[in-house]
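Be aware that the sequence shown starts at 1, since it is given in the UniProt record's numbering, and climbs by one per residue.
Idealized CB from N, CA, C, for every residue including glycine.
Right, one structure below, let's go through it.
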Amino acid sequence: MRLTIIRRILIIRLVVSLVLDYWKVCQIDKRLEGEERAAALNRIYSNAGKRARWTAFKLESIIVKIGQFLSMRGDILPHAFTEELTDLHDALPAATFSAVKPLLEKELNGNIYTVFKTFNEEPIAAASLAQVHKATLSDETVVAVKVIKPKMERFAHIDLNTIGLAAKVINRIPALRRKMNFVDMHREFTETIHRELDCHQELSHMERFSEMFTDNPNVKTPNVYKELSTKRILVMEFIEGARLTDHEILSKWQVDRTAIGETLLDAYFKQLLVYGFIHVDPHPGNLLILRDHRLCFLDFGMIDELTTDDVKTIRRLFQSIMLCDINGILSAFEDLGFLPPETNYKELIPMISLVLDRLDGRDGKQDSPELKQFVAGMKYFIKNSPIQLQAKYMFLLRGTGILITVLNQLAPDTNWLEILLRVGPPIFGTPTKSR
1 MRLTIIRRIL IIRLVVSLVL DYWKVCQIDK RLEGEERAAA LNRIYSNAGK
51 RARWTAFKLE SIIVKIGQFL SMRGDILPHA FTEELTDLHD ALPAATFSAV
101 KPLLEKELNG NIYTVFKTFN EEPIAAASLA QVHKATLSDE TVVAVKVIKP
151 KMERFAHIDL NTIGLAAKVI NRIPALRRKM NFVDMHREFT ETIHRELDCH
201 QELSHMERFS EMFTDNPNVK TPNVYKELST KRILVMEFIE GARLTDHEIL
251 SKWQVDRTAI GETLLDAYFK QLLVYGFIHV DPHPGNLLIL RDHRLCFLDF
301 GMIDELTTDD VKTIRRLFQS IMLCDINGIL SAFEDLGFLP PETNYKELIP
351 MISLVLDRLD GRDGKQDSPE LKQFVAGMKY FIKNSPIQLQ AKYMFLLRGT
401 GILITVLNQL APDTNWLEIL LRVGPPIFGT PTKSR
């Protein structure tokens with residue numbers, strides 16, 4: 001009971017402080033101008049980010065997950081705020097082996113060493129909800145054992161319930177509600193967290209993903225040990241490789257980084273536009289390059305699944321953007337639920353035209369002035385257009401943002417827009433295979 005009260009107090013305190021910060025921002029917008037206004041806003045945003053980061057590290061669990069999500073939404077949130085949350089992507093504290101061991105023995109119905117010949121007590125990776133240990137089976141096969149951290153289900157229940165109450169309050173603020181329905185957002189987040197806490201679900205995701213790319217020799221998914229896995233433990237093939245950001249190792253292995261990026265982009269497009277089954281957490285820790293230059297996907301807890309109608313509509317949106325077809329873009333936006341009934345099309349159309357003009361003939365290299373101008377234009381469009389982002393697409397949009405960042409980290413001198421325009425069109429002719 002005491003734990004529940006403490007967690008709820010800390011979450012509510014953070015939410016109240018952020019709402020008060022929003023009120024302060026509104027007052028500054030009315031009273032100050034120029035550099036004085038910018039400095040005052042930056043102070044508020046930075047302090048808000050620091051409070052959010054402190055709360056996330058204090059409570060861990062899904063609060064870290066929310067902080068990570070917000071840190072990637074620089075398209076709609078101030079840079080001074082998101083910058084303070086970037087630390088949440090670094091190494092997170094792992095549960096001690098003394099805490100994990102009873103959980104493992106309960107799930108395995110006995111001593112760890114009746115199943116594993118060796119088991120490393122120190123985890124090789126730790127995230128917000130789970131951690132991974134290296135182990136060997138009786139036949140010397142090396143495996144990775146993903147374990148849901150102790151008490152995570154309990155923490156998730158408390159935190160999601162508290163955040164749900166906060167979402168109902170925030171939804172009453174018209175300016176915030178205009179861009180996102182926070183109650184719907186909470187519901188989508190709850191469903192995602194419950195999937196992430198179920199290793200059976202992740203195992204199923206891995207099997208389907210492997211089936212999707214069975215004919216692609218450039219894409220690898222770890223093999224799973226179904227008979228050893230439970231709801232809280234996932235045993236899989238141990239993968240050795242280099243991160244996409246390990247440029248020194250990639251150079252030593254003579255990896256063509258642009259070719260790897262093209263494989264990643266092609267795989268992502270097929271997930272989105274063919275199968276409607278998308279890995280929406282493609283950060284560098286979840287993507288490895290193998291010595292034979294294959295691309296391996298890891299961590300299948302965060303998966304978005306789209307309906308066949310959604311896949312067809314998103315295809316139509318991409319095609320319309322490539323053809324600079326404003327009517328087609330508007331039609332797709334309507335079908336995706338992005339345009340509320342009161343949308344003023346006379347104001348929206350010039351905004352879309354401006355973005356398309358900046359996209360035409362774009363230099364897609366990371367540091368090009370043209371790309372920076374285009375990104376700035378997109379941020380302006382998202383913040384100022386009447387588009388209302390549907391909660392069911394929020395992780396897909398986040399994943400897309402991560403993908404763009406990863407591609408630019410992998411090969412900053414590559415024109416990714418040019419490659420996108422080459423990779424995309426052939427996929428449009430492929431029949432959809434969503435379920």
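- Exposed is the label assigned to Asp139, since fewer than 16 other Cβ atoms lie within 10 Å of its Cβ.
- In summary, Pro217 is exposed, with fewer than 16 beta-carbon neighbours lying within 10 Å of its beta-carbon over all protein chains present.
- Buried is the label assigned to Ala127, since at least 16 other Cβ atoms lie within 10 Å of its Cβ.
- Of the candidates Ser434, Leu403, Lys392, the residue whose Cα lies closest to the Cα of His186 is Lys392.
- Here Gln131 carries a strand assignment [DSSP, helix/strand/coil].
- Residue pairing by DSSP places Cys296 opposite Lys220, Leu288 in a beta bridge.
- Burial state of Gln27 is exposed, judged by a 10 Å Cβ sphere holding fewer than 16 other Cβ atoms.
- Counting C-beta atoms within 10 angstroms of its own C-beta, Ile6 has fewer than 16 neighbours from the protein chains shown and is therefore classed as exposed.
- In this structure, DSSP gives Val100 a helical state, which the three-state scheme calls helix.
- With fewer than 16 other Cβ atoms from the protein chains shown falling within 10 Å of its own Cβ, Ser353 counts as exposed.
- In this structure, DSSP gives Asp304 an extended state, which the three-state scheme calls strand.
- Here the alpha carbons of Phe395 and Gly401 stand approximately 10 Å from one another.
- In the DSSP assignment, Glu237 falls within the beta strand (DSSP E) that extends over 233–237.
- For the 7 Å CB-CB criterion, Val100 and Leu108 do not form a contact.
- Only exposed fits Ala38, as fewer than 16 other CB atoms lie within 10 angstroms of its CB.
- Taken through DSSP and simplified to helix, strand or coil, Thr82 comes out as helix.
- Just measuring C-alpha positions, the residue of Gln390, Thr4, Ser385 sitting nearest Ile158 is Thr4.
- In this structure, Asp266 sits away from Val25, with a CB-CB distance that is not shorter than 7 Å.
- Under the three-state reduction of DSSP, Phe116 is assigned to coil, being neither helix nor strand.
- In the displayed model, Thr430 falls within coil according to three-state DSSP, outside both helix and strand.
- In the DSSP assignment, Lys226 falls outside any beta strand (DSSP E), carrying neither H nor E.
- Cβ neighbours of Leu88 within its own chain (closer than 7 Å, five residues either side excluded): Arg53, Ala56, Val64, Gly67, Gln68, Ser71.
- Looking from the CA of Leu389, the closest CA among Gln409, Glu334, Val355, Ile112 belongs to Glu334.
- Taking a 10 Å sphere around the C-beta of Asp299, we find 16 or more other C-beta atoms and assign the residue as buried.
- By the C-beta criterion, the region 280–297 is judged not to be in contact with the region 310–322, since fewer than 3 inter-stretch pairs fall below 8 Å.
- The beta carbons of Ala156 and Ile193 sit about 6 Å from each other, so the pair counts as a contact at 8 Å.
- In the DSSP assignment, Lys24 falls outside any beta strand (DSSP E) and within the unbroken alpha helix (DSSP H) covering 2–31.
- Counting C-beta atoms within 10 angstroms of its own C-beta, Thr263 has 16 or more neighbours from the protein chains shown and is therefore classed as buried.
- Short of 6 Å from the beta carbon of Leu160, and not among the five residues preceding or following it, lie these beta carbons of its own chain, in chain order: Thr190.
- In the DSSP assignment, the residues bridged to Ala125 are Val132.
- Val147 sits in a strand when the DSSP states are folded into three classes.
- When Cβ pairs closer than 8 Å are counted between the two stretches, the region 248–256 is seen not to touch the region 271–278, the count staying below three.
- The DSSP-derived three-state label of Val311 is helix.
- Short of 8 Å from the beta carbon of Leu336, and not among the five residues preceding or following it, lie these beta carbons of its own chain, in chain order: Asp310, Thr313, Ile314, Leu317, Gln390, Tyr393.
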